[in-house]
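Residue numbers (this note's numbering), protein chains in the order written: chain P, 20 to 355; chain R, 20 to 355. Each residue gets a CB set at the ideal place from its N, CA and C atoms; glycine is no exception. Just so it is clear, the structure is predicted and the values come from calculations on it, not from any experiment.
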C-alpha cells in the first residue's frame, strides 16, 4: 500500500498541503473547524506525521538546526521558544547553536549541523557575517534553509522578517509628531543589514519632516545595554543634547535609559526614548519605554513552519524562496 | 607526524571518503561489514575525529539533550547559554526541548532524546513531575543524566543546584533584620522540591526570629508574573496587609511589584519585596528588587562539564553521582 502523504490529505479535503501541515502543528491561524477535519482524515488514512519516513528517504535526521547570535538575549530566547513549539508538534527536535556574533563560530556551527545531517536549518546571522559560502554549502547540499530577523541577503533563501525600515520610520515620525526635533539615533553595527534599514527609516522620517540629518547625532556601536550606556555617556560628555533617542534595539535603549537616569535627567521631559523589539523589560521599567513590537515568538513559529514545509515537500519547494514580512506596530508608553 | 584524515582511511580501504564519513556517523545506508572495517582502520591509524571516536564506541551521537520547562524564561535561557558554551568548546551540540511544565511532554521529550541516541541528557524537571520512570529509562540505557536547578530526587543522578533552603532563609532573615515583621511568602506550586525548600527556609527564618508562621501569609500559585500579580491582588482584596513579600522567584516578585504599584503603595515604604534568581529585570525596575543571585550561566556550564565528563569517562562515572551546590548570595537593592 502506498504511504499516505500530507498531499493526499490535502487533496481529500480540497485544501492546500500547507494548510494541512499548519493544522497539524496547531497553528492559531487555522480555524478549529479545519483542524478537526484534518485530524479526522488523518485518522481515516492512518497518516503518521512522524517525519521519520521522510527522514529515512532523504537520509537525514528529524532534527532542525537553529543558529542565533545569543540564546539568552530576550528576543532570540522567545524566537527559539516559538521554533521549538512548532517543531515539537511536528515531530522534530531542535539543535540550538549560538554564534556569539562571531563569523567564524557561525561557520563552525553551520558545518557541524550539516555533519549531523539535520533536516533543515534556521539562522539569524552574526553581526560579523559578510560572506555566505557556508550558507551556500547548506543549500547546495539540498538542506532547506530559512533566515529569520537577520537574513543574509545575497542568496535566494526564504526568510521571515519585519519591515525594519518602515517600523523605524514610524517610530521616528511618531517622535517628530510629539514635538521632538533633535533626535539622536544609536544605530548598532554598520555591517548589519537590519541596522542599516532601521537607520534608513530614521533618516527618511527626518527628511520627510524637513529636519536636517546631523552626523553627530547618529552613533554606531554594539547591540547590548553597555553599548547604549556608553553612547549616551559620550553624548553627555561632549555636551551634545538631543531631545530624544531612537535606539536600534531595546537593550541599547535600556542602556541609554540608565545613563539618562543617572545624569538626573527626566524621561520623557528632558529626553524622550524609543527602543525596538518590545522586550519584556521595556514594559516594566519606569517610565515604560515606547518601542516597536517585534513579534518574536510568532517569528519563530513562522520560520519553523516554512522550514518544515520545505523539508516535507522536498527540493522543489526550495526553488521559490518565500519572504514573510510580519507586522510590527509601535507600542506607545511613557518614555515619549 | 602527519595527522590522519578521513581520506587516508578511505584510501587504505579503497572506498570513498564519504563512505568512511557515513560509516563513522553510523549511517543506516552503510553495511555493518563496512562499518566494522572502517572502525578497525580508524583504530590502526589512531584517528580521532574527537569526539566522534567516543560516539562510535557507544553507538551514540555527539549531541547533548537539554530539557527545560521554558526556553524563554530568563533563568533557563541563561542556563542554556552556559550549556551551549561548554558543549561548543568540547565538540558537542545541544538539542533543546521544553516541557512547558507538562509531565507528559517531558516524558515525550525524554523518549525522543533517547531515540535520537544523544550522548547525555541535562534536565530541569517540570512542575508536574512526580514519577521518574522516564529518567530511570535514561540511566538504565547507559545514558549519562545530570539534573540542574530542579532535580528529581528519588533517583541517584548527579545534579547542580543551589542551597535553596539556606538562600531563602538568608533572604527572610535579612527582611526581619530590616524591621519587617509581617512577611508573606508567594510560594509557587506545592509539588516542586525547590519551592518546598524555599518555603522551609522562610519558615525557619521566621521561627529563628521568634515570629509566628501564619497560614494566611503563605500563598501557593504558579511561577509566572501573572501568578505574583494575582496573589498580590488576592491579599489586597482580602485586606490582608503584609509589610513585605518574599517571592519564590523573580517573575512572581515582578508580578507582585506591578500590583503593588498599581495600588499606589510605596516600595519599600509600605511593602518590601524580595525575589529569587537575580533575573536582569530586577536590576532595571525602579526601585530595584532585592533578590537571590542564582548563578544561571555558571549552573549551565557546570552541569555541561559534569555531563561531558561522564560521557567521556564511560559508565563507571555514573555510579558515583555528584552533587554540586553553587553559591547564591543575596543582592540588596532598594525594594527592601
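| query | Quick one: does residue 56 of chain R have its CB under 9 Å from some CB of chain P? | reply | Answer no: the Cβ-Cβ gap between residue 56 of chain R and chain P never drops below 9 Å.
**Message:** The beta strand (DSSP E) that contains residue 85 of chain R, what's its start and end?
**Reply:** For residue 85 of chain R, the enclosing beta strand (DSSP E) begins and ends at 82 to 87.
inquiry  = Let me make sure I understand the geometry here. Which of P:219, P:333, P:344, P:351 has the alpha-carbon closest to that of residue 26 of chain P?
reply    = The shortest C-alpha separation from residue 26 of chain P is found at P:333.
**Asked** Any beta-carbon of chain P closer than 9 Å to the one on residue 51 of chain R?
**Response** Not one chain P Cβ lies under 9 Å of residue 51 of chain R.
Test item: CB-CB of residue 191 of chain P and residue 181 of chain P under 9 Å
Result no, Cβ atoms of residue 191 of chain P and residue 181 of chain P do not sit closer than 9 Å.
*Decide if the region 57 to 65 of chain R is in contact with the region 104 to 120 of chain R; the criterion is three or more beta carbon pairs, one per stretch, under 8 Å apart.*
Touching, no.
Which residues of chain R have a Cβ atom closer than 8 Å to the Cβ of residue 304 of chain P, listed in chain order?
Correct list: 303, 304, 305.
Discussion item. Rounded to the nearest angstrom, what separates residue 6 of chain P and residue 23 of chain P at their Cα positions?
Written reply: Since the first residue shown for chain P is 20 and the last is 355, residue 6 of chain P is missing from the structure and cannot be characterised.
Any beta carbon of chain R sitting closer than 9 Å to that of residue 76 of chain P?
Low confidence applies here, because residue 76 of chain P scores a pLDDT of 49, under 50, leaving its location unreliable; read the following figure in that light. So, not an interface residue.
Check: Got a sec: is the Cβ-Cβ distance from residue 278 of chain P to anything in chain R below 9 Å?
Finding: When Cβ-Cβ separations below 9 Å define contact, residue 278 of chain P makes no contact with chain R.
>> Taking the beta strand (DSSP E) that residue 408 of chain R belongs to, which residues open and close that run?
In response: This structure does not reach residue 408 of chain R, given that chain R is present from 20 up to 355, and the question cannot be answered.
ask   = Is the region 314 to 327 of chain P in contact with the region 147 to 161 of chain P, if contact means three or more CB pairs nearer than 8 Å?
value = With contact defined as three or more Cβ pairs closer than 8 Å, the region 314 to 327 of chain P and the region 147 to 161 of chain P are not in contact.
Using three-state DSSP, classify residue 117 of chain P as helix, strand or coil.
It is a strand residue.
(request) Determine the burial state of residue 134 of chain R: buried for a count of at least 16 other Cβ atoms within 10 Å of its Cβ, exposed for fewer. (result) The residue in question, residue 134 of chain R, is exposed, as its Cβ has fewer than 16 Cβ neighbours within 10 Å.
If contacts are defined as beta-carbon pairs under 8 Å, then residue 208 of chain R and residue 239 of chain R qualify, I think. What distance do you get, rounded to the angstrom? 7 Å between Cβ atoms; contact.
- Residues near residue 173 of chain P in its chain [Cβ-Cβ closer than 7 Å; skip 5 each side]: Here residue 173 of chain P has 151 as same chain residues with Cβ atoms under 7 Å from its own Cβ, once five neighbours each way along the sequence are excluded.
Residues bridged to residue 179 of chain P by DSSP?
The secondary-structure analysis by DSSP pairs residue 179 of chain P across a beta bridge with P:167, P:343.
- Item | Proximal residues to residue 128 of chain R (C-beta, below 7 Å), its chain only, five neighbours per side dropped | Closer than 7 Å at Cβ, skipping near neighbours: 86, 116, 118.
Checklist entry - Taking 9 Å as the CB-CB cut-off, is residue 18 of chain P touching chain R? => result The structure shown has nothing for residue 18 of chain P, since chain P only spans 20 to 355.
Would you mind sorting residue 297 of chain P into buried or exposed? The rule is 16 or more other CB atoms within 10 Å of its CB.
-> Counting of Cβ neighbours within 10 angstroms places residue 297 of chain P among the buried residues, the total reaching 16 or more.
Does residue 248 of chain R get closer than 9 Å to chain P when you measure Cβ to Cβ?
-> Not one beta carbon of chain P lies nearer than 9 Å to the beta carbon of residue 248 of chain R.
Query raised in the report: Residues bridged to residue 112 of chain P by DSSP?
Result: For residue 112 of chain P, the pairing in a beta bridge is given by DSSP as P:82.
Item to complete: Please classify residue 90 of chain R: does DSSP put it in a helix, a strand, or coil?
Response: Looking at residue 90 of chain R - three-state DSSP - the assignment turns out to be coil, as it is neither helix nor strand.
For residue 259 of chain R and residue 245 of chain R, the rounded distance between their alpha carbons | Approximately 19 Å between the Cα atoms of the pair.
message = Taking the beta strand (DSSP E) that residue 357 of chain R belongs to, which residues open and close that run?
response = Since the first residue of chain R shown is 20 and the last is 355, residue 357 of chain R is not available in this structure.
- Query: How about residue 129 of chain P: is its C-beta nearer than 9 Å to some C-beta of chain R?
  - Reply: No - not a single Cβ of chain R is within 9 Å of the one on residue 129 of chain P.
Beta-carbon proximity of residue 164 of chain R to residue 204 of chain R, cut-off 9 Å | Contact: no.
**OP:** Could you name the residues of the same chain whose beta carbon sits closer than 6 Å to that of residue 76 of chain P, not counting the 5 residues immediately before and after it, in chain order?
**Re:** Confidence at residue 76 of chain P is low in this model, with a pLDDT of 49, below 50, so the placement of that residue should be treated as unreliable; the coordinate-derived value is given next. Cβ neighbours of residue 76 of chain P beyond the five flanking positions: none.
query: Three-state secondary structure (DSSP) at residue 238 of chain R?
result: Note: residue 238 of chain R maps to strand in three-state DSSP.
- Task: Output, in sequence order along the chain, the residues in the region 92 to 105 of chain R whose CB is closer than 7 Å to any CB in chain P.
- Result: Answer in chain order: 96, 97, 99, 100, 103.
Check: Does the separation of the CB atoms of residue 300 of chain R and residue 303 of chain P fall below 9 Å?
Finding: For the 9 Å CB-CB criterion, residue 300 of chain R and residue 303 of chain P form a contact.
**Study point:** Contact with chain B by residue 199 of chain P, beta-carbon distance below 9 Å
**Key:** Although the question refers to chain B, the structure presented lacks it and instead comprises the protein chains P and R.
Margin query: For residue 350 of chain R, would you say it is in contact with chain P, using Cβ-to-Cβ distances shorter than 9 Å as the test?
Written below: Not closer than 9 Å to any Cβ of chain P, the Cβ of residue 350 of chain R fails to qualify, so no.
Report the option in R:325, R:145, R:108, R:130 whose CA atom is closest to the CA atom of residue 122 of chain R. For the options R:325, R:145, R:108, R:130, the alpha carbon positioned closest to that of residue 122 of chain R is the one of R:145.
ask   = Regarding residue 260 of chain R and the ligand MG, is the C-beta to nearest heavy atom distance less than 8 Å?
value = This structure simply doesn't include the ligand MG, nor any ligand for that matter.
C-alpha distance - residue 70 of chain P paired with residue 327 of chain P, whole-angstrom precision: A caution first: residue 70 of chain P carries a pLDDT of 45, below 50, which makes its placement in the model too unreliable to give a value.
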